[in-house]
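The structure under discussion appears below in the form of structure tokens.
Protein chains: 2
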Amino acid sequence: MPGSTGCSLKLRETVLNRKNGETKVRSSDPVSVHDEIKAIIKKEDRFLITTHVRPDGDSLASVLVFAGLLDAFRKSCRICIDDGVPRKYDFLPGIERVKSFDDLPDSSGIGTAVVLDASGLERTGRIGDRIPETARIVNIDHHEGNSRFGEVNCILTGSSSTAEIVYDLYRRCDLPLTPEVARLVYTGIVCDTGCFRFANTGAQTLETAAEMVRAGADPGKIIHDLQNRHSAHTLQALGHALTRIRFFLDDAVVGMHLTCQDLKQFPEADTEGFVNYLRMIEGPSVQFFINEVQPGRHRVSLRSHEKDVNQIAGRLGGGGHARAAGCDITGNLEQVQDRILGCLSAVFKAGRAD
Amino acid sequence: MPGSTGCSLKLRETVLNRKNGETKVRSSDPVSVHDEIKAIIKKEDRFLITTHVRPDGDSLASVLVFAGLLDAFRKSCRICIDDGVPRKYDFLPGIERVKSFDDLPDSSGIGTAVVLDASGLERTGRIGDRIPETARIVNIDHHEGNSRFGEVNCILTGSSSTAEIVYDLYRRCDLPLTPEVARLVYTGIVCDTGCFRFANTGAQTLETAAEMVRAGADPGKIIHDLQNRHSAHTLQALGHALTRIRFFLDDAVVGMHLTCQDLKQFPEADTEGFVNYLRMIEGPSVQFFINEVQPGRHRVSLRSHEKDVNQIAGRLGGGGHARAAGCDITGNLEQVQDRILGCLSAVFKAGRAD
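One line per chain: the protein sequences are A and B, in this order.
Sequence positions in the first sequence follow the working numbering and run 1 to 354.
Sequence positions in the second sequence follow the working numbering and run 1001 to 1354.
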């Protein structure tokens, strides 16, 4: 879920000289940034396209639409993501073109690296280090906290997905909207808006989605491909977690957990998004899910309708967005719970003192 | 989930003389039906608005938008639904105007009954019997199998929700789109498309939704009001059901159940939609959920991505849509499962024989 909650376009362009650390920031309208990127596409021949580790539907869709754009200009490109593509996205048209870090033998010839949907260059994992010093970086993203690490930065925080920004560029290049591109952009929108459920869903989001459907995206099919391809283990693990729902701090907090033992029982379980089920419960203002990924090592997901869980995750060594954040904590279950509740208790007390 | 899967408009108008059972059917374009309804609104003064029993978000939104339309024409109307309004919809603007059967003292003065989102008059429960013989019935719906029981029937099976049909009428009456109407129509669309997840989501659906957002509907808030107001019991009961996932008939079928005992443990659980979680599992072509609502009496929900479960439910004394149907079966859990699997087995065999 991106941090942006509105739909107005805010755009800043940063021209950053990576070599001497000098940064010039200037405001500009989206058109001039798009023109700048178009100019780079025309003069450059050797591109690398990448995105953040553990890529999601929006980052993959963005990567593939940008690759299609380069194809149209007959430019050569490599597409590489540190840890490759999760199996569940193997239905995306063109996904076989995406390689993982181990399949990127030599990056020395790269002239321009296009980094999509990554709030910082470090979010690309090992790929960032492989970009030659001489290469230009084009940074296209919609995250509020983007560190503007590129030579050209196209950061539209009002856009609900990065795929929409890339599509806007594609359209401005007068390229025809193919059914494949429409499917990809629709997938990107659906993934980053929780299928139009998150607060970042605006009129523009729905209008672009409608345009994609008119161009050949099949909403029912895309949702089926995205949501109905789980292992039974995922649902069984979810069931186990839900039977352990507990309330804390006078019912202001609701939490649940899975242990290593559970996950051994359901090895194919994909626990991503489990915490969101707790959001459906009326009453608590904070939700947490503790997932013991290794014995004594817990991945904690925090959600809230109203509190700043980014701040809470920060105190616990993690981070994220105001309404969705996470952290890793070591210890036994009780210790982990105590640390989370200790932090939350302090935040609630501070809130009351305000 | 409505039965319609496409988005093209198919409209038939039936003029039915209820008194002598004579039925004249003629095709017409939507405009003439809308004109006919507009003419009735102008000449009639005493309206009753109703919808089906166990109303959902779309039927309630449709009822309230139609009431707003009558308000604009300064027409008096009563709004009555057999079993009233489920608590979870109490956030809808104007919902306090909706009465239940027991609050409809005398219906003799009613000149026109507007029946919304009901595929047959019997779907309104006891309300249908209360409509005076002398009253005119206006039937507005989007279900494929609508029995065209009205004097005027506006049945648009290509519309993803009835709220969109009522809004179209509202718009054709040159009434201003208020934030309240926008919120209602958006709610109707979201409820009947599973938040744009079902196959009935088309470009037109998304465009109308966008129009509603521009007019003041807040997607994030509406989804929050609709989805995040559950009792913990609902999630806990879901957890119990999911831990009981089982596969049958060479993994072609997946099912789960809840017993009376479970439901006693979680009295506030709302089990509506539990079966849909099983659709997320890749592989099985049919999903079922058995809910023991009373000792020995089971409500069975059937879903399928490809098989006609309406036909299967029909054999078991129930019905519904091709991809979503249900039935009631008495017996113990094993007997109920055996009956379902017996039917499914026969259908699978017949399928192979084709």
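We put the beta carbon where it would ideally sit given N, CA and C, even for glycine.
Per DSSP, the unbroken beta strand (DSSP E) holding Arg46(A) starts and ends at Arg46 to Thr51.
The way I'd put it, the region 1221–1240 of chain B does touch the region 1259–1279 of chain B; three or more beta-carbon pairs between them come closer than 8 Å. The Cβ neighbour count for Asn1146(B), taken over all protein chains shown within 10 Å, is at least 16; the residue is labelled buried.
Taking a Cβ-Cβ threshold of 9 Å, the residues of chain A close to Phe1198(B) are Pro219, Gly220 and Ile223, in chain order. By the 16-neighbour rule on beta-carbons within 10 angstroms, Val1275(B) is buried. For Cys154(A), the enclosing beta strand (DSSP E) covers residues Val152 to Leu156. Judged by DSSP secondary structure, Lys264(A) falls within the alpha helix (DSSP H) whose first and last residues are Cys260 to Gln265. Proximity of chain B to His230(A) at the Cβ level (cut-off 9 Å) is accounted for by Met1280, Ile1281 and Glu1282, in chain order. In chain order, Gly1057, Ala1061 and Ile1222 place their CB closer than 6 Å to the CB of Thr1187(B), counting only its own chain and leaving out the 5 sequence neighbours on each side.
The contact set of Tyr1277(B) on chain A, defined by CB atoms closer than 7 Å, consists of Leu235 in chain order. A straight line joining the alpha-carbon of Asp174(A) with that of Phe66(A) spans about 14 Å. According to the DSSP assignment, Gly326(A) belongs to the beta strand (DSSP E) that extends over Ala324 to Thr330. Around the CB of Val1293(B), fewer than 16 other CB atoms lie within 10 Å, so the residue is classed as exposed. Within the region 1179–1248 of chain B, complete beta strand (DSSP E) segments of at least 3 residues are found at 1246–1248, given in chain order.
According to DSSP, residue pairing for Gln287(A) in a beta bridge involves Val254(A) and Arg303(A). Interface flag for Cys195(A) against chain B is set, since a Cβ pair is found closer than 8 Å. When the beta-carbon positions are compared, Ser107(A) and Leu69(A) stay at least 8 Å from each other. The region 1189–1203 of chain B makes contact with the region 207–219 of chain A: 3 or more CB pairs, one atom from each, lie closer than 8 Å. For Arg172(A), the closest alpha carbon among the candidates Ile127(A), Ala350(A) and Ile41(A) is that of Ile41(A).
At a cut-off of 8 Å between beta carbons, Gln1337(B) makes no contact with chain A.
In the DSSP assignment, Leu116(A) falls within the beta strand (DSSP E) that extends over Thr112 to Leu116.
Distance from the Cα of Arg1214(B) is smallest, within the candidate group Ala1182(B), Gln1335(B), Asn1139(B) and Val1347(B), for Ala1182(B). Proximity to Lys88(A) across Asp338(A), Pro55(A) and Lys75(A) peaks at Pro55(A), based on C-alpha coordinates.
In this chain, the beta strand (DSSP E) harbouring Asp141(A) covers Arg136 to Asp141. For Arg1315(B), there is no enclosing beta strand (DSSP E); the enclosing alpha helix (DSSP H) has its first and last residue at Val1309 to Arg1315.
One thing to note: Asn139(A) has its Cβ no nearer than 8 Å to the Cβ of Arg130(A).
Residue-level contact by beta carbon holds for Arg1214(B) and chain A, with a gap shorter than 8 Å. Excluding residues up to 5 positions away in sequence, Gly283 and Pro284 lie with their Cβ nearer than 8 Å to the Cβ of Asp251(A) in the same chain. Neighbourhood of Ile1189(B) in chain A, by CB distance below 8 Å: empty, with the nearest CB roughly 10 Å away. Annotation for Phe73(A): Ile41 place their beta carbon closer than 6 Å to its own, counting only its chain and skipping 5 residues before and after. Secondary structure of Val65(A) (DSSP, three-state): helix.
Judged by DSSP secondary structure, Ile1127(B) falls within the alpha helix (DSSP H) whose first and last residues are Ile1127 to Arg1130.
Non-local beta-carbon contacts of Ile1189(B) in its own chain, meaning distances under 7 Å to residues more than five positions away in sequence, involve Ser1160, Ser1161, Ala1163, Glu1164, Thr1205, Thr1208 and Ala1209 in chain order. Within a 10 Å sphere around the beta-carbon of Glu1334(B) sit fewer than 16 other beta-carbons, which makes this residue exposed. The C-alpha of Pro1132(B) lies about 13 Å from the C-alpha of Gly1150(B).
Look at Val85(A) here: in three-state DSSP terms it is coil, with no helix or strand label.
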